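Enquirer:
Residue numbers (this note's numbering): 1150 to 1513.
1. Leaving out five residues before and five after residue 1251 in sequence, what residues of the same chain have Cβ atoms less than 7 Å from its Cβ?
2. Who are the near neighbours of residue 1299 in its chain, counting only those whose CB is closer than 8 Å to its CB and skipping five residues on each side?
3. Are residue 1441 and residue 1203 closer than 7 Å when you measure CB to CB?
4. Going by DSSP, name the residue or residues bridged to residue 1515.
5. Go ahead and pull the three-state DSSP assignment for residue 1453.
6. Would you report the Cα separation of residue 1444 and residue 1456, rounded to the nearest angstrom?
7. Can you tell me which of 1340, 1339, 1349 puts its alpha carbon nearest to the alpha carbon of residue 1333?
8. Quick check on residue 1215: does DSSP put it in helix, strand or coil?
9. Since residue 1355 and residue 1313 are thought to touch, with beta carbons under 8 Å apart, how far apart are those beta carbons, to the nearest angstrom?
10. Within the chosen definition, does the stretch 1383 to 1399 reach the stretch 1447 to 1454 through at least 3 CB pairs nearer than 8 Å?
11. Tell me which same chain residues have a C-beta within less than 7 Å of the C-beta of residue 1404, skipping the five on either side of it?
12. Could you tell me whether the Cβ atoms of residue 1274 and residue 1214 are closer together than 7 Å?
13. Go ahead and label residue 1411 buried or exposed: buried means 16 or more other beta carbons lie within 10 angstroms of its beta carbon, across all protein chains shown.
14. Per the contact definition of three or more C-beta pairs closer than 8 Å, is the stretch 1433 to 1440 in contact with the stretch 1476 to 1488?
15. Can you tell me whether residue 1337 is buried or exposed, with buried defined as 16 or more other CB within 10 angstroms of its CB?
16. So, at 7 Å on beta carbons, what are the nonlocal neighbours of residue 1504 in its own chain, with the 5 sequence-adjacent residues on each side left out?
17. For residue 1377, which residues of its own chain have a beta-carbon under 8 Å away from its beta-carbon, when the five flanking residues on both sides are left out?
18. Check whether the stretch 1262 to 1270 and the stretch 1239 to 1251 touch, using three or more Cβ-Cβ pairs below 8 Å as the test.
19. Return helix, strand or coil for residue 1221, following the three-state DSSP convention.
20. Please return the same chain residues whose Cβ sits closer than 8 Å to the Cβ of residue 1172, not counting the five positions on each side in sequence.
21. Please state the DSSP three-state secondary structure of residue 1389.
22. Taking C-alpha atoms, which residue in 1386, 1417, 1415, 1335 lies nearest to residue 1402?
23. Tell me which residue opens and which closes the alpha helix (DSSP H) that residue 1361 is part of.
24. How long is the line joining the alpha carbons of residue 1258 and residue 1286, rounded to whole angstroms?
25. Near residue 1315, which residues of its chain fall below 8 Å by C-beta distance, leaving aside the five closest residues on each side in sequence?
26. Report the residue ranges of all alpha helix (DSSP H) runs contained in full by the stretch 1207 to 1282; include only those spanning at least 4 residues, in chain order.
27. Can you tell me whether DSSP reads residue 1394 as helix, strand or coil?
28. Return the residue from the list 1467, 1497, 1201, 1237 that minimises the CA-CA distance to residue 1419.
29. Count the other C-beta atoms from every protein chain shown that fall within 10 angstroms of the C-beta of residue 1228, then say buried if there are 16 or more, exposed otherwise.
30. How big is the Cα-Cα spacing for residue 1279 and residue 1240?
31. In the DSSP assignment, the beta strand (DSSP E) including residue 1508 goes from what residue to what residue?
32. Just to confirm my understanding: we take residue 1211, look at its own chain, exclude 5 residues before and 5 after, and list those with CB closer than 7 Å. What are they?
33. From this set, 1363, 1293, 1357, 1366, which residue's C-alpha is nearest residue 1330's C-alpha?
34. Apart from the five residues just before and just after residue 1207, which ones in its own chain have a Cβ nearer than 7 Å to its Cβ?
35. DSSP beta-bridge partners for residue 1448?
36. If residue 1491 sits next to residue 1363, beta carbons under 8 Å apart, how far is it from one beta carbon to the other, in whole angstroms?
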């Protein structure tokens, strides 16, 4: 039993308290449990290999850098993939990664510069990645400000000009640190014996594996996501409005190094939806490249009305409150496999954003 203690009160008067010791003990116990949960994840990452997060059956698309970038984009869409490694046949090695958002950003460049977009159909991946005008603007890497250092460092390697990967037998701690330290979204996993790409993993892949192994450890993750500092809150949250054009929103996402943004009502500030940088709705509605560039002038409310409403898609709108525990988020992720949660208050106004990157980065 805790001993009574003298604690200061208002006006310098000391009062007798039998609860001070127990309160201190409770705080100490919570810190111990919190650290135990964190260390359990860290130790787990150190003992598991990258093989662990690979799916039993999966496909990998690899692009020859000589093929037209427009053809590569349609191949990504057809195979329902977000990214693919790039192979240079002259160098006989992998040289980078191409993503769906890269093609969208190239279209932004053509709109901003007024270049002939019809010429894009004949430009190869190598041509685009050798274009300094494109590389230094729309394809310039901007890390999320939450993870960038105060000195402006921490942008990591540019995956358009270098190929970073991890061996399949390396531990997951190595993979997570590569993703985080190099501010990468996609990390190729290689088979060391023949330099073959087995898969491309993301934060969501790793989070899914962590949740499947730790969702039953309830007491270890009973603090709120806000208390744990997981996510972005308050004035640091970037939002978009329905009246904004797609071009404006994509520029904002690129500038802040974000993959998606909550869309809110300008008057009530209530959440309406979420717009993802990789959303290709405006492209599927286009008849040709010129039409696609023209669609960049569409407003978000028009585009969001055309989006798929299937809640099982990773970029669908999923909300939580700042009071939800890390354990709750683990359980919710196990069900929905989301890329991010939008934190809202009682009035459904946006107060924060928690991404799969935030959740994994907490354990580093």
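Here a beta-carbon is modelled for each residue, glycine too, at the ideal position from N, C-alpha and C.
Note that the coordinates shown come from a computational prediction; the quantities given were computed from them, not determined experimentally.
Expert: So, to answer that:
1. 1288
2. Annotation note: pLDDT 41 at residue 1299 (below 50); position unreliable, no value reported.
3. no
4. Outside the shown range of the chain, which is 1150 to 1513, sits residue 1515, and nothing can be said about it.
5. helix
6. 14 Å
7. 1349
8. coil
9. With 8 Å as the limit, residue 1355 and residue 1313 do not qualify as a contact, their Cβ atoms being about 16 Å apart.
10. yes
11. 1291
12. yes
13. buried
14. no
15. buried
16. 1488, 1489
17. 1183, 1475, 1511
18. no
19. helix
20. Confidence is the limiting factor: at residue 1172 the pLDDT is only 48, short of 50, which leaves the residue's position unreliable and the question unanswerable from this model.
21. strand
22. 1386
23. 1352 to 1363
24. 8 Å
25. 1199, 1323, 1324, 1327, 1336, 1337, 1338, 1339
26. 1218 to 1227, 1249 to 1262, 1274 to 1278
27. strand
28. 1497
29. exposed
30. 15 Å
31. Taken as a continuous stretch (DSSP letters only), residue 1508 belongs to no beta strand (DSSP E), being part of the alpha helix (DSSP H) at 1505 to 1510.
32. 1233, 1234, 1236, 1346
33. 1293
34. 1348
35. 1394
36. Not really, about 24 Å apart at Cβ, beyond 8 Å.
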